[in-house]
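Worksheet: one structure, shown below.
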Amino acid sequence: MHSLAPHDPAPPFPFRHSLISPPSSLSLKNLLGPFHFPISRLRGSRLLPPSNLGGGEHSSASLHPDWNIHTRTSTGIRRQHVSCPCVTPTLVALPLQPSRGALLPPHILTSTRTHSRAGSRRRQLAHSHLEATGASLAEPMASPGSGFWSFGSEDGSADPENPGTARAWCQVAQKFTGGIGNKLCALLYGDSGKPAEGGGSETSRAATGKVVCTCDQKPCNCPKGDVNYAFLHATDLLPACDGERPTLAFLQDVMNILLQYVVKSFDRSTKVIDFHYPNELLQEYNWELADQPQNLEEILTHCQTTLKYAIKTGHPRYFNQLSTGLDMVGLAADWLTSTANTNMFTYEIAPVFVLLEYVTLKKMREIIGWPGGSGDGIFSPGGAISNMYAMLIARYKMFPEVKEKGMAAVPRLIAFTSEHSHFSLKKGAAALGIGTDSVILIKCDERGKMIPSDLERRILEVKQKGFVPFLVSATAGTTVYGAFDPLLAVADICKKYKIWMHVDAAWGGGLLMSRKHKWKLNGVERANSVTWNPHKMMGVPLQCSALLVREEGLMQSCNQMHASYLFQQDKHYDLSYDTGDKALQCGRHVDVFKLWLMWRAKGTTGFEAHIDKCLELAEYLYTIIKNREGYEMVFDGKPQHTNVCFWFVPPSLRTLEDNEERMSRLSKVAPVIKARMMEYGTTMVSYQPLGDKVNFFRMVISNPAATHQDIDFLIEEIERLGQDL
3 MHSLAPHDPA PPFPFRHSLI SPPSSLSLKN LLGPFHFPIS RLRGSRLLPP SNLGGGEHSS
63 ASLHPDWNIH TRTSTGIRRQ HVSCPCVTPT LVALPLQPSR GALLPPHILT STRTHSRAGS
123 RRRQLAHSHL EATGASLAEP MASPGSGFWS FGSEDGSADP ENPGTARAWC QVAQKFTGGI
183 GNKLCALLYG DSGKPAEGGG SETSRAATGK VVCTCDQKPC NCPKGDVNYA FLHATDLLPA
243 CDGERPTLAF LQDVMNILLQ YVVKSFDRST KVIDFHYPNE LLQEYNWELA DQPQNLEEIL
303 THCQTTLKYA IKTGHPRYFN QLSTGLDMVG LAADWLTSTA NTNMFTYEIA PVFVLLEYVT
363 LKKMREIIGW PGGSGDGIFS PGGAISNMYA MLIARYKMFP EVKEKGMAAV PRLIAFTSEH
423 SHFSLKKGAA ALGIGTDSVI LIKCDERGKM IPSDLERRIL EVKQKGFVPF LVSATAGTTV
483 YGAFDPLLAV ADICKKYKIW MHVDAAWGGG LLMSRKHKWK LNGVERANSV TWNPHKMMGV
543 PLQCSALLVR EEGLMQSCNQ MHASYLFQQD KHYDLSYDTG DKALQCGRHV DVFKLWLMWR
603 AKGTTGFEAH IDKCLELAEY LYTIIKNREG YEMVFDGKPQ HTNVCFWFVP PSLRTLEDNE
663 ERMSRLSKVA PVIKARMMEY GTTMVSYQPL GDKVNFFRMV ISNPAATHQD IDFLIEEIER
723 LGQDL
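Take this note's numbering: the last position of the sequence shown gets the number 727, and nothing is skipped along the way.
Next comes the structure, spelled out in structure tokens:
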């Protein structure tokens, strides 16, 4: 038998994952049962994504004695749970035919591996279980053409292609799998191998669409029994009376859909995207909302359809955004957060989450370099909001009266940021009534770094006009070039003119975790505020963005409104943990738990290793293409971050003079290649123009699943898709 051991790189057989889904239990201990791994010795690095798919897949969702089988009937999706508690939970490949394989639940297969007396006992129980059902456990046959089990003849010499062999197998399998053998045979042999509809229980089950439990408990109280989604609606789930069983079954099936998607996301043979144009999706499915409820069967179908057309952002060949990858511990934390479904505004309704936010923000401030981690901070809905918070607090620090009297009570305020900075600075100025015209863009050098001399020149110009400079936003990791502004020089200028210094480190803040690369943010400790997005370079699931403020209490006084119905002053605990009044939001999502749990799972050294790996991959890409025919770098020199910016020049353009016509034609290359990438679904990478530079590719690497082979694939795919342009 081919048993799946932890070291196997991948299952040794083809299989359609849509038929058999992993179990609902998320217990890592249960999932790793067959290997007897002490749970205390397992680390998050053993989970997906490993460098190859096999090493961590079994740790995530592959091995379990219970399996849920989904079949599509005339009424929709039917779920069937098969379980055998007496069999060692090891997956086995059973090659019933020389060219075919099947993944079968251990309900009908017994592992040849026994780890203890208990393992031997399980095997004996398995034999007893099979004998009780009228079947017998056949030993593997030596003949390579006979298959492992042979029911067509006593000596195992029957032709595996003989329909009688297939029929015999199906009849036996049906006895002790609740009829699921029919579905497997239909997959393996086609309609000719399907047994006649003689099993009364299976026929009635198919007709009713019920999921019938096979456990030995009488009466049955497990969630598998008698659940028919075609006749159930959301009102039948908890908190409905008797809603526990359908609720557990429904959520288990949703979890199975999610787990299948997770595992599929790391499979390089799958598409990054199944692209359809908007009008195609609108025509193919009815997305409209109706007055009447749909049944749960349809709801499960909607879940599957939504994920079918979702972008696999965890795919090893997804490089399109700054936020990529799918961390297993972060995902688990996100599920827990949604289950808790609470708000972050007071300690009384989110005690643990509030404390974790306090601890985590303090640790981040320590890493920035503020003594003892002093200061303040908050997790906000993305870097754009964090930057707006910084602008809001900087304005309040200089003119506290603006809180009550508005902009009419203050002079015209001016903010400064680089011409390569994020658009959120202008958006924040517009939202706060400062105005986009009051955001001055400072020139950058050829690598995208702010030029300090130009900053000081523009500050003096503004002051001469009678305007008030109140904020300088430096960028640590620009969106396109990945550039780091000279923070020390900017800090000197801000100190000289008494201006609030903000550092937008949404993209580059993660480098503070790396001893090798944190020097690129030298001077960040002198900032008054810092934006840092762990959901970018650190791989925390979206969303997770923090604003850190050096002066403690300033955020509270800027934003608090003393709502007595939330923030009573006579509560019986320390009111400093009621953090909601310092936020602009009242309802605030729990974003900290993902980061905190990943930090506990990885340690700072784990984040450091991930960041160092991503920057090494970026340098690898740069080294390959800088002198490769058909590639031109947008700027010279090694990348500062993981951003690698380049043009691909098709053969038809390589002999043309560098003039306006060539630039015009070159500008059309990247959009066409990107469109073809999406049509084929093989990979995704972003492109854009910048200033006088026509469309070029901007490669960014933050995906922990990416390897050197994925970088090689990207280069080859760009060349394949662009050769004829």
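A virtual CB, placed ideally from N, CA and C, is assigned to each residue, including glycine.
Cβ shell of residue i (< 7 Å), same chain only, five flanking positions each side left out
i	result
Ile-491	Note that residue 491 corresponds to Ala in the displayed sequence, not to Ile. Only Pro-454 meet the Cβ criterion.
Lys-695	Val-636
Leu-363	Gly-379, Ala-548 and Leu-550
His-278	Tyr-311
Thr-326	Thr-315, Tyr-320, Ser-704 and Asn-705
Glu-141	Unreliable positioning characterises Glu-141 in this predicted model, as indicated by a pLDDT of 38, which lies under 50. The coordinate reading is nonetheless provided below. Nothing meets the Cβ criterion.
Ile-395	Ser-531, Val-551, Leu-556, Met-557 and Cys-560
Asn-322	Met-686, Val-687 and Ser-688
Gln-545	Pro-383, Gly-384, His-537 and Asp-593
Asn-524	Leu-489 and Leu-490
Phe-595	Ala-335, Leu-338, Thr-339, Phe-355 and Leu-358
Close beta carbons around residue i, own chain, < 8 Å, minus the five adjacent residues each side
i	result
Asp-238	Gly-245, Pro-248 and Leu-298
His-691	Note on residue identity: the sequence assigns Pro, not His, to residue 691. The residues are Ser-669, Asn-697 and Phe-698.
Ala-433	Met-390
Thr-272	Lys-266, Lys-314 and His-317
Under the three-state DSSP convention, the category residue i falls into
i	result
Lys-365	helix
Trp-337	helix
Pro-402	coil
Lys-520	helix
Phe-609	helix
Met-143	Bear in mind that the predicted position of Met-143 carries a pLDDT of just 37, short of 50, making it too unreliable to give a figure here.
His-504	strand
Cys-243	coil
Gly-281	As written in the sequence, residue 281 is Asn, which differs from the Gly given in the question. Three-state DSSP puts Asn-281 in a helix.
Lys-615	helix
Leu-550	strand
Gly-724	helix
Met-734	Coverage of the chain is limited to positions 3 through 727, which leaves residue 734 absent and any answer about it impossible.
Gly-316	coil
Ser-688	strand
Val-671	helix
Asn-705	coil
Cys-588	coil
Ala-63	Annotation note: pLDDT 38 at Ala-63 (below 50); position unreliable, coordinate value reported separately. Helix at Ala-63.
Ser-382	strand
Residue i versus residue j - alpha carbon distance
i	j	result
His-564	Val-532	26 Å
Ala-312	Asp-276	8 Å
Ile-442	Met-557	25 Å
Met-665	Arg-270	35 Å
Glu-610	Asn-281	44 Å
Ala-411	Lys-428	22 Å
Met-393	Ser-475	9 Å
Gly-332	Pro-536	11 Å
His-591	Met-330	20 Å
Ala-507	Trp-598	19 Å
Leu-568	Ser-382	20 Å
Leu-723	Thr-644	24 Å
Leu-234	Gln-262	24 Å
Thr-92	Lys-266	A caution first: Thr-92 carries a pLDDT of 37, below 50, which makes its placement in the model too unreliable to give a value.
His-422	Ile-444	9 Å
Ile-351	Lys-500	40 Å
Ile-717	Val-256	37 Å
Leu-577	Lys-407	28 Å
Check: residue i C-beta below 7 Å from any heavy atom of the ligand PLP
i	result
Asp-238	Ligands displayed in this structure: none; no statement on the ligand PLP is therefore possible.
Buried or exposed by the 16-neighbour rule on C-beta atoms within 10 Å, applied to residue i
i	result
Trp-601	buried
Lys-465	exposed
Asp-336	buried
Arg-367	buried
Arg-517	exposed
Lys-498	exposed
Leu-324	buried
Residues near residue i in its chain [Cβ-Cβ closer than 6 Å; skip 5 each side]
i	result
Lys-520	Leu-513 and Leu-514
Trp-612	One point to set straight first is that residue 612 is His, not Trp, in the sequence displayed. Cβ neighbours of His-612 beyond the five flanking positions: Pro-706.
Cys-647	Val-636, Phe-698 and Arg-700
Cys-496	Val-474 and Met-503
contact_flag[the region 611-630, the region 676-694] where n(CB pairs < 8 Å) is 3 or more: no
The region 620-627 contacting the region 568-585, beta-carbon criterion three pairs below 8 Å: no
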